[in-house]
Each structure stands twice: as C-alpha cells, then as structure tokens.
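Numbering (my numbering), first residue to last: -9 to 80. Ideal placement from N, C-alpha and C gives every residue a C-beta, glycine not left out. Remember, predicted model here, so these are calculated numbers, not experimental data. Notes for the one structure printed next.
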Amino acid sequence: MERDRFENWLRNIYDTQDNEISCTECFDLVSHFVELETSDQDAAAELPQVIQHLGQCRACRDEYETLRDLVILENRGGAPSLDDLRNSIM
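Here it is in structure tokens:
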C-alpha cells in the first residue's frame, strides 16, 4: 500500500465517530447543507455529520462539490434553470 493511501486509511480510522451517517443519509442531507453554505449560514455547525462524512467519503465529496459549484453558478446567473434544462431535453 502506498504511504499516502495508508496514512489516509489510518486517518479515516481515527476520525470515525459513533454517530456517523451512511452515503444514503449524506445524499439526503447534502442539498440542505449546500443551501445553508451558499446562503452564508454555518452549515458545518448545523450538520456536522455531513462534514464528517464528506471528509471520509470521496464519492459523496465529489457529489457535494458538483452540487455546490452548480448552486454557486446558478446564484451568479450563469447556470440554466432546472425548467430550462427540462424544456431543452423534452
């Protein structure tokens, strides 16, 4: 095992907590987390279990980063609305 991967693996072991959430639970909460975060609220304080999960799960972190980037883009007026996307597909 590569040293970086091994260190990451060990860090994940030591970062585990009794109240961890699953990927499904994280997925259910991540849109609310992004909403809080992009409206300058303390998302980490309100949903610490999401932060903890994102710190350990690359797949969920990728989903979170994509959603966050899309919301930021939309808030700046640079992304098409969901209705516009649906209409362009239909």
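Selection Glu15, Ile79, Glu(-3), Asp73 evaluated against Ile41 yields Glu15 as nearest (Cα-Cα).
Ser78 has its alpha-carbon roughly 18 angstroms from the corresponding atom of Leu60. Taking the Cα positions, Arg(-7) is about 27 angstroms away from Ser12.
In this structure, the alpha-carbon of Leu75 lies about 23 angstroms from that of Asp18.
Asp74 carries a helical assignment under DSSP once its states are collapsed to helix, strand and coil. Boundaries cannot be given for Cys47, as no alpha helix (DSSP H) includes it and DSSP labels it neither H nor E.
CA-CA distance, Ile62 to Leu37, rounds to 20 angstroms.
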